[in-house]
Amino acid sequence: MLPLLLVAVLAASDRAWQPAPDHLMTRWGATIDPAHVHASYPRPTMARRAWQNLNGVWEFEPADAGADETPPVGRTLGGTILVPFPVESALSGVGRHHERMWYRRRFEAPSEWRSGRVVLHLDAVDWSTVVWINGIEVGRHQGGYDRISLDITDALREGRDQELIVWVEDPTDRGTQPRGKQVLEPSGIWYTPSSGIWQTVWIEPLPVHGVRDVRIDAALADGSVRIDLPGATLPDGGRAELVVREGDATVAQAATTTGHATVRVPTPRPWTPDTPAMYALDVRILDDAGTVVDEVECPFAFRTIGIRRGDDGVPRVALNGSPVFLVGPLDQGFWPDGLYSPPSDEAMRFDIESMKRLGFNAVRKHVKVEPERWYHLCDTLGLLVLQDMPSGDRSIGPNDPDIVRSAESDAQFRRELRRLVEDRGRHPSVIAWVVFNEGWGQSDTLGMTDFTKALDPTRPVISASGWTDRGTGDIKDHHVYPGPGPLPIDLGRATFLGEFGGLGLGVDGHTWNAKSWGYRGASDQADLTNQYVGLLERLWRYRDAGLSGGIYTQLTDVETECNGLFTYDRAVLKVDADRVAKANRGRFPSLRSLTVPSDGPPARWRYLEGEAPAGWTQPDFDDRSWRQGPGGFGRAGTPGATIGTEWTSPRIALRRQFDLNSLPATWRVRIHHDEDARVYLNGALVAELSGYTTEPVVIEPGSEATGALRIGTNILAVECRQTTGGQFIDADLVEVVPVSD
């Protein structure tokens with residue numbers, strides 16, 4: 241069923257609109273047509289054929305405190321704004337913050353809709369909203385991320401010409417309401433506000449007898465689909481017909497007069513990121529003569545998500561019953577020209593298709609809620625979404641107790657959390673809820689976790705992403721920058737790296753302003769790609785130990801942050817796409833030890849504590865008087881160390897012999913050192929390392945080692961020096977085995 245768009249008229253389109261100057265623009269924003277803004281159907285989870293888009297150029301002017309009691313009925317406002325873009329954005333045409341504002345436009349309501357009800361939808365307005373139709377107040381709302389739906393039928397006047405007025409107030413960070421990263425004085429990781437109308441405004445007809453809501457519960461195990469039609473009204477003698485389709489093929493059907501039914505789909509196809517199999521439910525309301533009086537289409541999928549304990553006893557995230565390693569970017573959902581509002585449907589699709597092209601199977605939507613079409617694209621293209629609740633109120637540090645919200649703040653947070661879960665929980669791509677991030681507004685953690693689980697028992701809950709874990713929720717979430725590093729595996733919950741990376745590279749001509757930053761810098765595309773691949777190789781290394789995945793910071797640059805894979809305007813991809821895609825999919829060269837048989841015990845070394853004599857690194861040195869012991873060598877309690885032989889003195893020298901029948905094409909040094917170390921091969925210096933590591937790292941041999949590896953007998957020699965803290969040394973040589981295509 242294709243929605244039939246009726247073009248709205250009588251807007252302020254005869255008044256000039258231009259984007260606000262001196263802003264970084266995307267290619268979609270630069271070519272926007274103000275008469276056709278976000279023209280795609282805005283509610284794909286329950287699509288009805290007839291609708292009318294009210295986006296476009298509206299009248300606009302700032303408002304005074306308390307002005308919501310005296311709407312400007314019949315008065316032309318002093319300026320214009322392009323809806324649905326935040327007032328601070330370039331695409332709004334205003335480009336500056338106003339805490340209170342008036343919106344006004346005229347529109348036509350089709351006369352044929354008058355036989356039923358007419359509903360006005362404002363898909364998101366930040367933050368407090370009052371709406372009038374023809375001078376009659378039709379509704380008030382508080383909440384910046386959820387749809388406002390108002391029955392305006394009784395306020396419509398005779399004839400087609402209608403007046404719509406909207407008043408908005410947004411305190412941003414002067415209030416306690418959920419607001420995400422919006423602040424009045426942006427800097428660092430805090431961004432420009434997105435006040436006012438920022439998602440599509442539209443109207444639709446609602447038949448007297450028809451569908452009000454559709455709830456679908458699809459069970460992968462047996463193919464059963466439970467369907468509920470809350471609030472549906474059936475004509476006397478009428479019925480609801482339910483048809484499940486896979487593409488154009490009908491796979492199940494039923495009829496009901498009660499608003500409840502269960503059908504069964506034979507051999508359902510599971511939804512995965514690689515095979516995002518979507519089904520459609522057609523709901524038709526028929527009268528006693530069999531005439532269709534209402535019809536909607538609702539997409540859904542068969543998939544399960546949860547936490548499953550493996551044979552090793554470690555809990556992991558499981559998709560459709562099998563462990564899934566989640567690799568995705570942090571997506572802030574900001575645009576340089578639209579701020580919270582994507583410039584177009586095509587722009588949203590670009591972001592999601594880019595993540596797929598880069599080999600990601602997941603994304604973390606960070607303290608923001610997207611338009612419903614964004615989630616629909618994730619459903620149909622195949623991307624797993626970890627959805628944050630937007631933060632608000634005060635923040636706490638890693639060791640602080642939870643804040644105590646006021647009764648008003650607590651109630652508002654719960655209201656908006658409920659709306660998020662109930663609305664976006666319709667999408668199979670959404671696999672987890674993140675209640676708090678890094679202590680921002682963190683309150684009653686156990687209670688909020690239980691509240692979220694009660695709203696949706698089918699998805700895992702991350703109570704606190706990073707910092708302030710309270711031991712609750714289904715997933716223990718860590719933040720490590722740049723990371724990743726070895727993490728303690730929680731045996732009661734799945735373990736996840738909720739943020740890492742943040743590698744920075746600014747691109748001239750594509751930055752928000754002249755100064756930008758990242759958590760660690762890169763010199764150019766090649767350097768950024770190499771660093772990124774190195775981070776991902778380490779991330780995948782922890783999978784077998786029990787890690788369920790990680791989220792890289794971040795998809796795009798945002799304002800002063802230059803740590804995106806893309807520039808803020810999405811014009812430049814700053815990494816090599818093919819190499820990054822292979823890294824994200826875990827396609828790395830394997831490492832085969834040249835010194836230790838894969839099925840043998842740990843390597844035994846000759847070792848000497850203290851200063852080694854001259855010539856000790858040479859192949860012909862006589863080490864028979866040295867002691868023997870298994871690697872690694874060190875002090876118990878050293879981070880990441882597996883001790884084979886205790887070593888507590890300031891210095892140690894190690895030697896071991898190994899034989900080769902052939903030479904590898906490429907080889908490296910694998911070493912875990914705490915602290916300074918030197919590695920020699922047949923007397924040649926292979927690597928000189930300072931500082932310490934908390935895990936084995938792979939090092940390319942220096943130029944002096946060229947030709948040092950030989951067929952036959954080889955001597956690997958290592959020395960390590962201890963100064964303070966932990967101490968440990970272990971090393972071997974490894975062959976790099978390329979990935980087969």
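Following the working numbering, the numbering of the sequence shown begins with 241 at its first residue and continues without gaps. Heads up, the beta-carbon is just placed ideally off N, CA and C, and yes, glycines get one too.
Span of the alpha helix (DSSP H) around residue 605: Unbroken run through residue 605 is the beta strand (DSSP E), 602 to 605; no alpha helix (DSSP H).
Assigned exposure category for residue 895 - 16 Cβ within 10 Å defines buried: buried
Three-state class that DSSP yields for residue 745 in the structure shown: coil
Residue 374: first and last residue of the uninterrupted beta strand (DSSP E) it sits in: Residue 374 -> no beta strand (DSSP E), and no H or E assigned at all.
Cut-off 8 Å between Cβ atoms - residues of its own chain near residue 605, not counting five sequence neighbours on either side: 571, 573, 625, 626, 627 and 628
Buried/exposed call for residue 403, threshold 16 Cβ in 10 Å: buried
Candidates 307, 301, 364 and 310, of which the one nearest residue 319 by Cα: 301
Contacting residues, own chain, Cβ-Cβ under 7 Å from residue 671 (five flanking each side not counted): 545, 624, 625, 626 and 699
Whole runs of the beta strand (DSSP E) within the segment 613 to 680, excluding any shorter than 3 residues: 624 to 628 and 670 to 677
Inter-residue Cα distance where the pair is residue 774 and residue 920: 24 Å
CB contact flag (residue 370, residue 360, <9 Å): no
Contact set for residue 668: own chain, Cβ-Cβ below 6 Å, skip 5 residues either direction: 511, 541, 543 and 619
Boundaries of the beta strand (DSSP E) in which residue 752 is found, first to last residue: Note, residue 752: premise wrong, no beta strand (DSSP E); not H, not E.
Straight-line gap, residue 362 to residue 345 (C-alpha atoms, nearest Å): 14 Å
Candidates 433, 430, 443 and 843: closest to residue 293 by CA position: 443
Reference residue 567, options 792, 937 and 287, closest by Cα: 792
Residue 254, buried or exposed, once every other Cβ within 10 Å from all chains shown has been counted against 16: The predicted position of residue 254 is uncertain, since its pLDDT is 46 and thus under 50; no value can be drawn from it.
Boundaries of the alpha helix (DSSP H) in which residue 774 is found, first to last residue: 765 to 781
The alpha helix (DSSP H) enclosing residue 824, as first and last residue numbers: 817 to 824
Three-way DSSP call (helix, strand, coil) for residue 851 in this model: coil
Cβ neighbours of residue 883 in the same chain (closer than 8 Å, five flanking residues each side left out): 872, 873, 874, 875, 876 and 968
Reduced DSSP secondary structure (H/G/I, E/B, other) of residue 269: helix
Cβ-based burial, residue 448 [other Cβ within 10 Å; buried from 16]: exposed
Nearest-angstrom Cα separation, counted from residue 454 out to residue 500: 10 Å
Neighbour-count burial assignment, residue 373, 16 or more Cβ in a 10 Å radius: buried
Which of helix, strand or coil DSSP assigns to residue 694: helix
Contacting residues, own chain, Cβ-Cβ under 6 Å from residue 957 (five flanking each side not counted): 857, 895 and 920
Contacts around residue 661, its chain only, beta-carbon distance under 8 Å, and the 5 residues preceding and following it disregarded: 673, 692, 695 and 696
Between the CA atoms of residue 457 and residue 267 - distance to the nearest angstrom: 40 Å
Through-space distance from residue 435 to residue 367, alpha-carbon basis: 7 Å
Spatial distance of residue 597 from residue 288 (CA atoms): 32 Å
Residue environment, residue 313, which counts as buried when at least 16 other CB atoms sit within 10 Å: exposed
Sequence-distant residues of the same chain with beta carbon closer than 8 Å to residue 730, five excluded per side: 555 and 716
Three-state secondary structure (DSSP) of residue 945: helix
Distance between residue 462 and residue 469 (C-alpha atoms, nearest Å): 22 Å
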